[in-house]
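Those protein sequences? They're chains A, B and C, same order as listed. According to our numbering, the first sequence is numbered sequentially starting from 1. According to our numbering, the second sequence is numbered sequentially starting from 1001. According to our numbering, the third sequence is numbered sequentially starting from 2001.
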Amino acid sequence: MIGAMSLKKRLAKLAASRSLRRGLISVALFFVLWELSARLKIPVVGAIPAPTEVLACLGRELVSAYYWRSWGVSLARILAGFAIAQVLGVPLGLLLGFSRKAREIIFPIIEIMRPVPPLAWVPVSVIFWPSAEMSMIFVTFLGAFFTVVLNIVEGVAAIDVRFLRAAASLGSSRRDVFWRIMLPASLPSVLVGMTVGMGVTWCVVVAAEMIATNTGLGFMTWRGYVAGEFPMIVVGMLSIGLAGYLSSGLIRRIGLHFTPWLKGQ
Amino acid sequence: MSVGGAISVREASKIYDPDGAGVLALDRCSMEIGKGEFTVVVGPSGCGKTTLLNAIAGFHELSGGEIYLDGRLLSSPSRPARPGSDRIVVFQNGALFPWMTVWENVAFGPMAQGTLSKEAAKAKALSGLEAMGLSLIADDYPGQISSGMRRRAEIARAMACEPKVLLLDEPFRALDALTKTVAHQFLMEVYDRDRPTVFFITHDLDEAVFLASKVFVMTTRPAGVKKILEVTLPRPRDYRLLASPEYQSLRAECQDAVREEALKAFSAGEREM
Amino acid sequence: MIETASGSLKPALGELSQGRPRAGFFSRVGGGAKRWLRGPSPWLNLLGLVGFLVLWHLTTRVLKLPLFVKLPGPLDTVKEWFSIQPVYGISIFTLEYYQHIGLSCLRVFLAFLLATGLGVPLGLLMGWKKTFSDYAFPILELLRPIPMLAWVPLAILMWPTRESSIVFLTFLGSFFATLLNSWLGVKSIDQAYFRAAACLGASESLIFRKIVWPGAMPFVFTGLQISVGYAWFSLVAGEMLAGEFGLGYLIWDSYILVQYPVIIIAMLTLGLVGSLNSLAIRALGNFLIRWKKRESGQ
C-alpha cells in the first residue's frame, strides 16, 4: 500500500518535472525535424529515410523470419566471441596483474597489437581460419579481449595495499589472500572490462559482418544499402542499437549481482 | 575598514524536499549579528548551521522568514538572495581554484567584479599576501602548499574583496591541532585589522570561545537558537587566554549547552548531512 | 574507473569513459627511458617480443603448421617493408605507402577537428547549463547505443562523396566520446568552486572561462585520447567499405589482390600511427593541465 502510494506520488512528480517535459519536447521535435527533412529532401540529412517509412519497414520486418534469423546469427557470434574473450582474457589479465615477470614479458606484445583497430584484423582472420564463421568469431573475440585484459591488469594494480596488509596481519595464507582479497578486489574492474568489451564487440561484429559475410544484423543493414531498401538501413541500425543496449544492460545486471558491495555507490 | 555588515535573521525556515519527504532544516530561527561582530555558531552535526550560512550567502532560498543586511532585505521566500561580493564564503573543504596560482586566486575577486585592472589586481593581491605573511606561496598552485596554508590563502582571497561579512563554514575542520592554532592566530589578525562581520561555523568549542565575541549554540534539527553566550574577553587575544578562568568558565557553559543537544541528536539517530 | 558524479551518469557513460587510454610501451621509451633501461625489465620486454617473433616465424615458416602456413611470416613482412624494390609495391621507400598513411591521417585529423570543435563546446554547455542538457540529453541517449560502425551504410547514403562519408564516420567515432567526457568533466567540478566564484562576483562568461573550462580540462583530454582511438577504429571500417585510398583500404585491397605481407605492414603501420597520435594528445594534455600534475606530485 505504502509502496503503491509512493510510486504514484513519484510518477506524479516525474510528470510534473520540468526535465521530463523538456526531454519529451526535444525528442518529439527531433522526430518531426527528421520526418520533415526527409520529406523536403534537404541535402545530406534528407537522404535518411523518414521515421514513418522506417516504422512501416519495421512492421514488415518484425514478422519476417529473415529478420529474426539475423538477430540469432549476430547474437551467436557475439556470445561465442565474448565468451572466448572472457575465458582467455580473465586468467591472462589476472596473471599479468599479479606477476611482474609475466607482465614484463607479455605486455609489450599486447601494447603493439592493441592499437591496431580490430577491424584491420578481418582479412588476416579470413585468411587464417578455415571457415567464415570462425573468422567472424575471432574478430569479435579480439574486440573484447584487449579491453578485458587491460582492465583487469589495471584493476589489480589499483588494489589498496592496506587490504593486503590487513589480510596478512589477520593471519591469511598467500592462497587466502589471492582468493579472498585480490580476486574480489579486482572483480569490479573485470566487470567494467566486460561492459566496455561488450560495446566494442557489437561495433566490431557489425562492421565485420558488413565487410566479410552475408548473414547477421550487420549484413542486413548493409544489404539495405546495396539493395536500395533504404529504410532497412535504419531498421538495422536501431536493431543493433537495441541489441547492444540490452546486452550491456544484462552484463551490468549480472555484475551487480556478483558485487553487492558496490550497490548504492 | 569595512562599512556596515549587520545581519538580522528573522524567523528563517528552510524545508528540504528532495524526494517528497520534507525535512525541516531550519525552524523559525532568529539571530541578530551586529556590525563587525565575530559570531560563532556551534551545534550538533547536521543541525542546519550550514543551511543558515548558505541562505545568507545566497546559495539557496528560504522557505520562510527574512534575512536583512544593514536593514536591507537580503533574502525572503519571494526574493531569494544572490551571492554577492559583500558576503564571501570560506568553504568547509576549501575552494581555492586548483588551476590558478595563489595570487591569481586572490586577484580573482577584484578582477571578476571589474573594480581593478589586471595589473592593479595583481599588485593588490601580492601586497595583501605580503601583509598576511603569505608572499612565499604567491606563485604556487593550491595543490603544492599545505592545507593550513590553503586555508589562509582562501581567507586572503576572501578579504581581497573587502567584504562586509565573512562567512566561514568549519574552515579549520581538517587541520591538525597545531596548524589550527596558527590558523586561528591568522584569522584573529585579519579580523582585528579589518573588522568584518564574521559568521563562523564550528564543532570545536575551544575554537568557538577563543575566536568569538558572541557564540550561538544551536538546537538539534530543526535548528533554532538555544543559547547565546557573550564572550567579553579582551582583544587582541592569544593562546595564553586559554588558561584564564574566565575562558574556562565560558567554555564549560558552552559545553553544557552543546552536550545536551548533541545527546538529543544522537538518540534521534542523526547523521551528518 | 572514472568516478561519476551521480549514479545516472554511470550507465550513460559506461562504454566510453571507462575505456580509458593507458600509458603504453611507447610512452615509457620516451619519459623514463634511463630508469627503464637499468632495471631487469628491458630484457624481459625484449624476451617477450623476440619470443613472439620467433613463435610467429616457427609456426608459419619452419613448422608450417596448418592454418598458420597461409599467413606471411615476420621475415617476409620485414623484407617487404624495408625493401627498395618491394614485390607488391609497398615499402618505406615507395611514395604510395606514404600516400596511404597521409590520407588516413588527414581524414582522422579532419574528423577529429570537427568532433572536438563540436563535441567539447556542446559537452561543456550540457554540463554547465541544466536547461540545455534537459533538451539535448534524451536525443543523445537515443543515438548513442547505435555502434558507430552501424552508421556505415547510412553515411555512404547521406554524403555525396565517398571521402565525405568516411570523414563523417570517423567523426561519429570520436564525437560521442568527446562530448560525453567534456560533459562529465564539468560534472566532476566541485560545486564549491561555482559557489566561490559567484561569491567573488564572477560573471557567467568569467565562470565559463575560469571555472568550467579549466576544471573540465582533465576529462576533456581523457576524452580526446579516447576519441582519437575511436576515430582510427571507425576510419578503418570506413576505408575498408568505401575507401579508394588509405591504410584501411590498403589492407582490404591487399587481401583481394592476395598480397598478404602488405596486410601485415599496413596493420603494423596503423598501430604505430595510432599510438603516436594518442601519445601526442597526451603530451599536449599534460602540458595544459600542469596544475593537476603538480598537485599529485606534491
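Quick reminder that beta carbons are idealized off the backbone N, C-alpha and C, glycines included. Small disclaimer: the values here were computed from a predicted structure and weren't measured.
Give the residues from the segment 15 to 45 of chain A that approach chain C closer than 9 angstroms (Cβ to any Cβ), ordered along the chain.
-> If you check each beta-carbon in the segment 15 to 45 of chain A against every beta-carbon of chain C, the ones closer than 9 angstroms belong to Arg18, Ser19, Leu20, Arg21, Arg22, Gly23, Leu24, Ile25, Ser26, Val27, Leu29, Phe30, Pro43, Val44 and Val45.
Can you list the alpha helix (DSSP H) stretches of 4 or more residues lying completely in the segment 2065 to 2140 of chain C, in chain order?
-> If we require 4 residues or more, the alpha helix (DSSP H) runs fully inside the segment 2065 to 2140 of chain C come out as 2074 to 2081 and 2095 to 2128.
Along the beta strand (DSSP E) that carries Tyr1016 (chain B), what are the first and last residues, could you check?
-> For Tyr1016 (chain B), the enclosing beta strand (DSSP E) starts and ends at Ile1007 to Tyr1016.
Reference His1253 (chain B), options B:Pro1098, B:Lys1226, B:Arg1235 and B:Ala1265, closest by Cα | Looking at the sequence itself, residue 1253 (chain B) is Glu, so the reference to His does not match. In this structure, B:Lys1226 is the residue among B:Pro1098, B:Lys1226, B:Arg1235 and B:Ala1265 with its C-alpha nearest to the C-alpha of Glu1253 (chain B).
Where does the unbroken alpha helix (DSSP H) through Phe1186 (chain B) begin, and where does it stop?
-> Unbroken alpha helix (DSSP H) run through Phe1186 (chain B): Ala1177 to Asp1194.
At what residue ranges does the segment 2209 to 2261 of chain C contain a whole run of the beta strand (DSSP E), taking only runs of 3 or more?
-> If we require 3 residues or more, the segment 2209 to 2261 of chain C turns out to have no beta strand (DSSP E) run fully inside it.
Evaluate Val2062 (chain C) with the Cβ neighbour count: other Cβ atoms within 10 Å of its Cβ, from every protein chain shown; 16 or more gives buried, anything less gives exposed.
-> Using a 10 angstroms sphere on the CB of Val2062 (chain C), the tally of other CB atoms stays under 16, which defines it as exposed.
Which one or two residues does DSSP pair with Thr2178 (chain C) in a beta bridge?
-> Answer is none; Thr2178 (chain C) lacks a bridge partner.
Rounded to whole angstroms, what's the CA-CA distance from Leu58 (chain A) to Leu187 (chain A)? Just pull it up for me.
-> So the two alpha carbons sit approximately 40 angstroms from each other.
Does the segment 214 to 232 of chain A come within contact of the segment 144 to 156 of chain A, defined as at least 3 CB pairs closer than 8 angstroms?
-> Contact between the segment 214 to 232 of chain A and the segment 144 to 156 of chain A is absent, with fewer than three C-beta pairs closer than 8 angstroms.
For Phe2233 (chain C), decide whether its Cβ has a neighbour in chain A, counting only Cβ atoms nearer than 8 angstroms.
-> Among the CB atoms of chain A, one or more fall inside 8 angstroms of the CB of Phe2233 (chain C).
Using three-state DSSP, classify Lys263 (chain A) as helix, strand or coil.
-> DSSP, read as helix, strand or coil, puts Lys263 (chain A) in coil.
Val124 (chain A) and Ile2263 (chain C) look like a contact to me (Cβ under 8 angstroms); what is the Cβ gap, rounded to whole Å?
-> Contact holds; Cβ gap of about 6 angstroms.
From the DSSP output, read off the bridge partner residues of Thr1039 (chain B).
-> B:Phe1199 and B:Lys1214, per the DSSP bridge assignment.
Candidates B:Ile1033, B:Thr1050 and B:Val1182: closest to Tyr1239 (chain B) by CA position = Nearest C-alpha to Tyr1239 (chain B): B:Val1182.
Scan the segment 2103 to 2117 of chain C for residues whose Cβ lies nearer than 9 angstroms to a Cβ of chain B and list them as they occur along the chain.
-> The segment 2103 to 2117 of chain C vs chain B, Cβ under 9 angstroms: nothing.
Kindly indicate the opening and closing residues of the alpha helix (DSSP H) around Asp1256 (chain B).
-> Unbroken alpha helix (DSSP H) run through Asp1256 (chain B): Pro1245 to Ser1267.
Beta-bridge partners of Met1031 (chain B), as assigned by DSSP = Here Met1031 (chain B) is bridged, per DSSP, to B:Val1009.
Comparing alpha-carbon positions, which option in B:Leu1211, B:Pro1110, B:Leu1233 and B:Leu1126 lies nearest Val1042 (chain B)?
-> Of the candidates B:Leu1211, B:Pro1110, B:Leu1233 and B:Leu1126, the one whose C-alpha sits nearest the C-alpha of Val1042 (chain B) is B:Leu1211.
Does any CB atom of chain C fall closer than 8 angstroms to the CB of Glu229 (chain A)?
-> Chain C contact via Cβ: absent.
With a cut-off of 8 angstroms on the beta carbons, I'd call Ile2146 (chain C) and Gly241 (chain A) a contact; round off their distance for me.
-> Confirmed, Cβ separation roughly 4 angstroms.
Exposure label - Glu1011 (chain B); buried when at least 16 CB within 10 Å = Its Cβ having fewer than 16 others within 10 Å, Glu1011 (chain B) is exposed.
If the cut is a Cβ gap below 7 angstroms, which residues of chain C does Gln1113 (chain B) touch?
-> Going along chain C in sequence order, the residues near Gln1113 (chain B) (Cβ under 7 angstroms) are Gly2201.
Rounded to a whole number of angstroms, what is the C-alpha to C-alpha distance between Ser2254 (chain C) and Thr2161 (chain C)?
-> Distance between the alpha carbons of Ser2254 (chain C) and Thr2161 (chain C): 23 angstroms.
Quick one: what's Lys1124 (chain B) bridged to in DSSP?
-> The partner list for Lys1124 (chain B) (beta bridge, DSSP) is empty, contrary to what the question assumes.
Excluding five sequence neighbours on each side, which residues of the same chain lie with their C-beta closer than 7 angstroms to the C-beta of Pro1098 (chain B)?
-> Taken in chain order, the residues that qualify are Tyr1141, Pro1142 and Gly1143.
Who are the neighbours of Asn2181 (chain C) on chain A, taking C-beta pairs under 9 angstroms?
-> Going along chain A, no residue has its Cβ under 9 angstroms from Asn2181 (chain C), so there is no contact; the nearest lies around 14 angstroms.
Around the Cβ of Arg2282 (chain C), are there at least 16 other Cβ atoms within 10 angstroms (buried) or fewer (exposed)?
-> Looking at its Cβ environment, which holds 16 or more other Cβ atoms inside 10 Å, Arg2282 (chain C) is buried.
Is the segment 45 to 63 of chain A touching the segment 97 to 111 of chain A, taking contact as three or more C-beta pairs under 8 angstroms?
-> No: the two stretches stay apart, fewer than three of their Cβ pairs being nearer than 8 angstroms.
Would Leu119 (chain A) count as contacting chain C if we go by Cβ distances under 8 angstroms?
-> Proximity of Leu119 (chain A) to chain C, defined by a Cβ-Cβ separation below 8 angstroms, is satisfied.
Give the straight-line distance between the Cα atoms of Ala1125 (chain B) and Ala1160 (chain B), rounded to the nearest whole angstrom.
-> Answer to the nearest angstrom: the Cα atoms are 7 angstroms apart.
Could you give the distance in angstroms between the alpha-carbon of Glu1154 (chain B) and the alpha-carbon of Ala1095 (chain B)?
-> Inter-residue distance for Glu1154 (chain B) and Ala1095 (chain B) is about 7 angstroms (C-alpha atoms, whole angstroms).
In chain C, which residues lie with their C-beta within 9 angstroms of the C-beta of Val73 (chain A)?
-> Within chain C, no residue has its beta carbon less than 9 angstroms from that of Val73 (chain A); the closest one is some 15 angstroms off.
Give every residue of the same chain whose Cβ lies closer than 6 angstroms to the Cβ of Ala1081 (chain B), excluding the five residues on either side of it in the sequence, and list them in chain order.
-> Here the set comprises Gly1058, Leu1074 and Ser1075.
Going along chain A, which residues have a C-beta under 7 angstroms from Ile2251 (chain C)?
-> Ile2251 (chain C) reaches chain A at Ala120 and Pro123, counting residues in chain order whose Cβ is nearer than 7 angstroms.
Neighbour-count burial assignment, Ser2091 (chain C), 16 or more Cβ in a 10 Å radius = With a 10 Å radius around the Cβ and a threshold of 16 neighbouring Cβ atoms, Ser2091 (chain C) comes out buried.
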